[in-house]
Every structure is written in C-alpha cells, then in structure tokens.
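Asks:
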Amino acid sequence: MSRLDLKNGVIEIIHGSGGRASSQLIEELFIPHFDNELLRQGNDATAFDIPAGRMVITTDAHVVSPLFFPGGDIGSLSVHGTINDVAMSGAKPLYLSASIILEEGFPLADLEKIVISMANASRTANVPIITGDTKVVERGKGDGAFISTSGIGIVPEGINISGDLAQPGDLILLSGFIGDHGVAILSSREGLEFSTAIKSDSAALHELVSEMVQTVPDIHCLRDPTRGGLATTLNELARQSKVGIQIYEHTIPVRAEVKGACELLGLDPLYIANEGKLVCICPKKSAENLLNIMQQHPLGKEAAIIGQVTEDKQQLVVMKTTFGGQRVVDWLAGEQLPRIC
Amino acid sequence: MKYVDEFRDGDKARQIAELIQSEVRPDHQYRLMEFCGGHTHAIFRFGLVDLMPENIQFIHGPGCPVCVLPAGRIEAVIKLLENSDNLILCTYADLMRVPAGKRDSLHKAKARGADIRMIYSSTDALNIARNNPGQQVFFFAIGFETTTPPTAAAIKIAHHEKLKNFSVFCNHVETPPAMAHILSSGETQLDGILGPSHVSTIIGSHAYAECCKQYSTPFVIAGFEPLDILQSTLMLVRQINEGRFEVENQYCRAVKTDGNKKAQTLMSEIFEQRPLFEWRGLGELANSAIQIKNRFSDFDAEKRFAMEHIEVADIKGCICPAVLRGVSNPDECKLFGTVCTPEDPKGACMVSSEGACAAYYSYGRYRTEVEVVNS
Amino acid sequence: MCLAIPAKIESLDALASTAIVNLNNIRKEVSTLLLDEVTVGDYVLVHVGYALERIDPVEAARTLAMFDDMQALGDTE
Ligand code: SF4
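Residue numbers (the working numbering), protein chains in the order written: chain Z, 222 to 562; chain F, 144 to 518; chain U, 2 to 78.
1. Would you say F479 of chain F touches the ligand SF4, meaning its beta carbon is less than 8 Å from a heavy atom?
2. Can you grab the Cα-Cα spacing for the pair E486 of chain F / M493 of chain F, in whole Å?
3. Just the chain U side, please: which residues come within less than 8 Å of N403 of chain F by C-beta, in chain order?
4. Any contact of the segment 473–482 of chain Z with the segment 21–33 of chain U, i.e. 3+ C-beta pairs under 8 Å?
5. So is E532 of chain Z in contact with chain U if we call contact Cβ pairs under 9 Å?
6. Taking three-plus beta-carbon pairs below 8 Å as touching, is the segment 199–215 of chain F in contact with the segment 530–537 of chain Z?
7. Which residues bound the alpha helix (DSSP H) around E478 of chain Z?
8. Got a sec, what are the start and stop residues for the beta strand (DSSP E) K506 of chain Z sits in?
9. I want to verify the contact list: residues of chain F whose CB lies under 8 Å from the CB of S12 of chain U, in sequence order.
10. Please list the terminal residues of the continuous alpha helix (DSSP H) segment that includes L194 of chain F.
11. Quick check on the burial criterion: 16 or more other C-beta atoms within 10 angstroms. Buried or exposed for I383 of chain F?
12. For a cutoff of 9 Å on Cβ pairs, would you count M2 of chain U as touching chain F?
13. With the cut-off set at 9 Å, would you say G450 of chain Z and D422 of chain Z are in Cβ contact?
14. What did DSSP end up calling I526 of chain Z once you bin it into helix, strand or coil?
15. Does the beta carbon of P488 of chain F sit closer than 9 Å to a beta carbon anywhere in chain U?
16. Along chain Z, which residues have their Cβ under 8 Å away from the Cβ of D267 of chain F?
17. Answer with yes or no whether the minimum CB distance from G218 of chain Z to chain F is below 9 Å.
18. Tell me which residues of the segment 335–367 of chain Z have at least one Cβ-Cβ distance to chain F shorter than 8 Å, keeping chain order.
19. Closer than 8 Å is the cut-off here; do at least three beta carbon pairs connect the segment 498–510 of chain Z with the segment 155–175 of chain F?
20. Could you tell me the distance, in whole angstroms, from the CA atom of D391 of chain Z to the CA atom of Q557 of chain Z?
21. Is any beta-carbon of chain F found at less than 9 Å from that of I561 of chain Z?
22. Please state whether DSSP places L232 of chain F in a helix, a strand or coil.
23. Taking 8 Å as the cut-off, is the CB of A243 of chain F close to at least one heavy atom of the ligand SF4?
24. Report yes or no: do the segment 362–379 of chain F and the segment 337–346 of chain F share at least 3 C-beta pairs separated by less than 8 Å?
25. Can you give me the C-alpha to C-alpha distance between M71 of chain U and E166 of chain F, rounded to a whole angstrom?
26. Please classify I202 of chain F as buried or exposed, where buried requires at least 16 neighbouring CB atoms within 10 angstroms.
27. Please classify G487 of chain Z as buried or exposed, where buried requires at least 16 neighbouring CB atoms within 10 angstroms.
28. Would DSSP call D474 of chain F helix, strand or coil?
29. Please classify I493 of chain Z: does DSSP put it in a helix, a strand, or coil?
30. Between the Cα of G286 of chain F and those of F:Q279, F:C210 and F:K251, spot the shortest distance and give me the residue it belongs to.
31. To the nearest angstrom, report how far apart C395 of chain F and L46 of chain U are at their CA atoms.
32. Take every Cβ of the segment 537–550 of chain Z, pair it with every Cβ of the segment 454–474 of chain Z, and state whether three or more of those distances are shorter than 8 Å.
33. Take G521 of chain Z as the anchor and find which of Z:V285, Z:G497 and Z:P287 has the nearest alpha-carbon.
34. Compare the beta carbon distance of L212 of chain F and T234 of chain F with 9 Å and say whether it is the shorter of the two.
35. I want to verify the contact list: residues of chain U whose CB lies under 7 Å from the CB of A418 of chain Z, in sequence order.
36. Would you grab the beta carbon distance between H315 of chain F and A432 of chain F for me? Rounded to a whole angstrom, and I think it's under 8 Å.
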C-alpha cells in the first residue's frame, strides 16, 4: 500500500470501512499528530489511572460552516469547546476523546490541517486525546467534517460550582469582549463576506478557571456563553437558579468592529456566539479579588463586572442601557440571522 | 460610529424629553402614529416611552414589510417549491419564520428539502443565478420603496446579462397609499404621523404632501435614532399645538424634498403601478404596489411560473390585522405572550423584529410585568 | 424595513459601480448604482448591499446643533 496522498488525495468510503485503509489513515495521519503514551496502547478502549475526587464528563458535537475561519477551525474548536465544558464545572480537564465523521471526497490536505490544529490545541492545553474513531459517510450525506469530542476532568476538593447556585446579591463577571467568534464566522459566510480583523476568540479556558478557583473557591456558577451568546447564558443561569439578573450595558466589553458588524447586519452582540469567554457568578465580597486574578491572565485581560443577581420571580434578565433605559434581554428566538428590516 | 452614536446620547434625550413635557398641553391626548416598524423597534429598544409624558401615545403603524405580506403569498411560494425540482429560492432571512398556512413556514419548507438560500442583497441572488445555470433562481422580493431600487437594479443587470434563469417574485409595496388608507378609514384617531425615514430617502418628503393636506394631519419625517424620534415628536407636538399641518423633515441629513432621483428613474424603468394589491390587515388597496413592466416580463416570476392565488386565514385569535391598522395594541391579543411568542410565532407581527408584537414582547415585557406586580 | 446604516466610503470602483465602505473597521463592498455622485470620504446609508443616499454633513451638524440648543433651553427651565 502506498502512503496517503496528503496533497491531492481525498477521503474515500474505504477509509471508514475498518479495513487496511482505515488503519492506514489512523497510523499515517492521526497517531503521528495526536501522539501520546495512552493513545499508543492502540486499544479500542484506553485504560488509565484516576486520581481521587469527583469526576466530570462532558460531550460535545461540533459542526461549523465554514470549517476554517479567521482565528481557528473545526479542529481547534472541538478541543477548546470540550475543555471549556469540563472547566466550567471548576474541574481540571484530564483527557479527551474524539470521533470524526468525514464526507466521501473530503480533501486529505484539509483533514491534515484539522488534525494538526486539534493536536496543537490539545498539546498547548496539555489535555491529550487518548482515544478516537473515524467514520466516512457517502458524498452528500455530510458537510465535509463533523467532530464530536468528549472530555473528563477532576473537580478539586472543596469546589462546588453549578448553574443553580446563583444567589441574589452575587455579582456577575465576564472574562472579555463578546461576539468575536460569531462575527468571525459571519465574515467568512458565503454571500455575507465582509472583511474585518476580528478573529474567533476560540481558546481553552481551564487555566484561567484553575487560577480563579484557587483564589476564590466559593465561586457559585461558571458558564461559557457559546451559541446563543451572553444573553442566552444569563437566561439559562437565571432560570436554573430561580433568580433575576440585572446587567449594565456600558460595562459589557464589545469591540467596535463587532458593534459595526452587528449594526450592519441587524444583529445584537448579546446573542452572538463566543468560544473563549466565560461568565462567572460569585459572592459580592469575592468579586473584586476575582476580577484582579482574571485580569492578570491573558484570557481575562478585559474582564469586567457586568451586573448582579437579583430576586425576581419572573427570572428575567434586565439590562440598563447606555442610553439610560431599561429593557428585558430575552432568550434567543430562532437563529440570529442577518435581517433587512 | 459616526452619525449613529451622536444620535443616541441619553442625556440629550432626557433634555429633549423635558422640553416635550413642558410643551404638551395637559388637557390634550396626543395620538401619534409611527408608521415604520423601525421606529417601533427603536422606541422600545431605547425605552423612549418611559421618557414621554403620559398624554403622548405612540400608535404603531403598518410599516413592516414582512408583517403586511399576506400569508398566502408565502404559501404560494412553498407550493411552487414543492412542485418543482430545480428551483432555488433566494430570500431575505426576515421572511424565513413568518407563519404561512397550516403552521408552515419557509423555514419548515427548507427542512423538508426545499433549496432556500438566505441572502443579504439582491446582488447575491444574481450571483447564485450566475453560478447555477442549470437551475431556476427565484428571488422573493419584499419591501417598501427603500428596498425596491436594489430589486430594480438586479432586474436591470439580469436583463443586460440576458440571464435566463433569474426571476423576481415582486411584493414591493408603496407607503403613501397605505398611509392615506389609514387616515381615510378614520378607524383610529391620529393627531400626527412620524413619517418613514429610509423610505423617504428614496421617494422624498414631498411624497406625503397630498396625504398631509387632504387629511389635515401633521407629518414629520423622522430618523430612526432615538434623538431623531424625540426631536420629531417635539416637532409634531408643536404643529399640533399651533394647529399647523405640514410635512416637516427632521431627517434632513439623508432625506431631500424630492428624494433620490436616480433611484426613482431606475424604479420607473423596471416597474409600473399594480392596480390592486392585498396588504395584510389593510385589505386590497388600489395603486399601492408595483409590478414588473411587460418589457421585463422574462424576469417576472409570476409570469414565468404558474403561481397559485392562495388565501390563508389568520390563526384564530390573532389580531395582527387590527395591530397593523393601529386599532389594537399587541397586548390586547389573547395569544400574546402565551400561545404566541417569538419562539413560536403565530402571526407575522411576532416574527419580524420590527413587528409591534415582537417589540412589545422583547422589550416591553419589563414594563407590563412591573405594572402587573404593582397593581 | 429599512435597516440602513451610515458607513464611510473608502474606495470606489467607478466601472463596476461599487464601493468599499467602512463601518468601525468592518469593510464591505456595496453597490453605488443608486447614487450619481459619490466621493471617497462620503458617508452613505447602506441598505441590503446598496448605498441609498449620501449623508449630508452640513445638515447632520445642523440637527446636532439643534439638539444642543434644545439642551440649553431645557437647562434654563
Ligand atoms: S401576539 Fe401573535 S397572535 Fe397576537 S396579534 Fe400579535 S402576532 Fe398575532
């Protein structure tokens, strides 16, 4: 069997059939990039020792169009997304698994780019991918590549973080600029093309979280405002904790470019996706301290206190606007689509 | 953002509001219709109602093209899509979730397999036609005079390029006839009108002169930013107090008396008046819409395809028609906020973010709920 | 309908009747078919990928000055 043609070759059905071609794909493409001791066991299930403590597990399916966008691609996104889901429980992420569904005809060169990007993301984050799988679907039955990743982690002793723990009086912190990821994706969508220096904020947040929980172990809630944006995350937290939320528009960091793109397309930055931001709810007394810690970390430089938790039977998220008014910030209805009216 | 941020200054807004407060006659109810959904949206988004004296009331008008499109026109497109296998439908995203007949929508038709592409500009539809010569590209064109010239431009370009696979389903309507209809019906008493801003950039402020005179109603062409709306309100209050009625232009940074001549010439080259067109809520209005001239009939989807005329009844309880005429407020609808929400809209007014029901729901709930709690 | 937003013209392609506009460093190509005269530096209202109309800087300044006058009036009350 000659080596994979990573320059001009494409994915064929046999690459997913479980035969020689499948194992060639794994040996020549995945293993060299993902390489780690546990993966090298080469078994269908990977065995490892577990440290003491409470364990968390999460799984996340990744579909994104386009697959490559300013600031990242589906590969790095699939690693960051799952690490972040683990981290939002306060846990230290240990290992990842990845399964990739490829469409027949998908260029091997693109696949290699994605694999390298996953490998880099996982290596930088120091969270290895220790098991995986690949399947191939017929042409027309997939959208190039779908990646599903799972992650496990260990919650440090004494940490109890959950979406239902917000208390009236708690303060709400946001780790930085919102809307970068969504705008980066929109800028590269067919038909919408606009040019901007905005890049996806896709990043692994576990190290930031680790410093946060070390300093302030009594953080109540952590969540990454991905799809649906900040507005949706705040509504989720309000509902889970049965509280209201009051935020202040002028405190929410939004880049000028993101504001511009939103005005142009009729969108609201509060509903635009992020892939490297977190929202944190903590007791008022710890907030300043936490803010300092966050601002010292590269991923939290622009962190800000954006509001507080209130008592509210309606569980509304209400925003004081820069203009001086007050308005409800509702859940996202449908999809955020560029509008003309 | 230049020309945006300066017009959103909260402190100045409060000062203009104080001036309005000091000038309104306490014994008079000022019923002002903001014709455009864009104004409705801004009034709620910026909480302008909170700044107004109690005797100024904003009545929401029919100025949301998505809301006034009869559901049957969407249903007809869905039928057409289902009966053809090489059709690509291009539409502005605003139309996707509007309820057509029997709980259907373009969104659902897409899920069932119809090839629907959401576009940002008519030029995108042309590009799709150029890139898919084997397929028919059907552009679902909606909008007021603001959006008509871009559609006209697309037809002109398609004609020039002799594109064989591009056609336009024209649903463009005209604002002055709708305004005249509302004023003539007398269903709801109006003291003044905040006139369209971006529509007027094209047709000019003089387009409303006749209406203003005939119905002795003050008009102010108002920009969409909050300070524009407040200043226009003040100008209306002054006209009303002084017993004047004329068309004043607050939005003079973008609106000229005659409008955009070049755009008007382009429109009249491609389109002609349509004798009769149905508006949701207002019914059939004479000379209130346009159609593609015979010379360009190759690009007229209604001539190229056999399109059915379908009547779709509103869902029981939905009072969209009355809301669009300014006769009822969204919260008078029994379905408002319970059965009908932006998540699961029953009428067009809940879909478009310019729709009065959506604006009430998304931004106004705080007010109503606080009131409920207090009472 | 009528979501239209002022953006600054950065460059023009007279042949194609297009312009690149800039709004907070978001750059987008728009059609200038609907306008007779546009110059680099003009602000235009952008709607569905078309420049609808120029923003008149003198009128804009006048409107803003009017707000300030109102403010002055409001202050004295
Ligand atoms: S609330 Fe819904 S059902 Fe009621 S009028 Fe508005 S759109 Fe129609």
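Here a beta-carbon is modelled for each residue, glycine too, at the ideal position from N, C-alpha and C.
No experiment lies behind these values; they were computed from the predicted model shown.
Replies: In this structure, then:
1. yes
2. 9 Å
3. L35, L36, L53 and E54
4. yes
5. no
6. no
7. A477 to L486
8. Taken as a continuous stretch (DSSP letters only), K506 of chain Z belongs to no beta strand (DSSP E), being part of the alpha helix (DSSP H) at K505 to Q517.
9. None at all; the shortest Cβ gap to chain F is about 18 Å.
10. L191 to L194
11. buried
12. Only weak support exists for where M2 of chain U lies, its pLDDT of 48 falling under 50; the value from the coordinates is given anyway. Closer than 9 Å: yes.
13. no
14. strand
15. no
16. G412
17. Chain Z is shown from 222 up to 562; residue 218 of chain Z falls before or after that span and cannot be answered.
18. none
19. no
20. 30 Å
21. yes
22. strand
23. no
24. yes
25. 12 Å
26. buried
27. buried
28. helix
29. coil
30. F:C210
31. 13 Å
32. yes
33. Z:G497
34. no
35. N26
36. 6 Å
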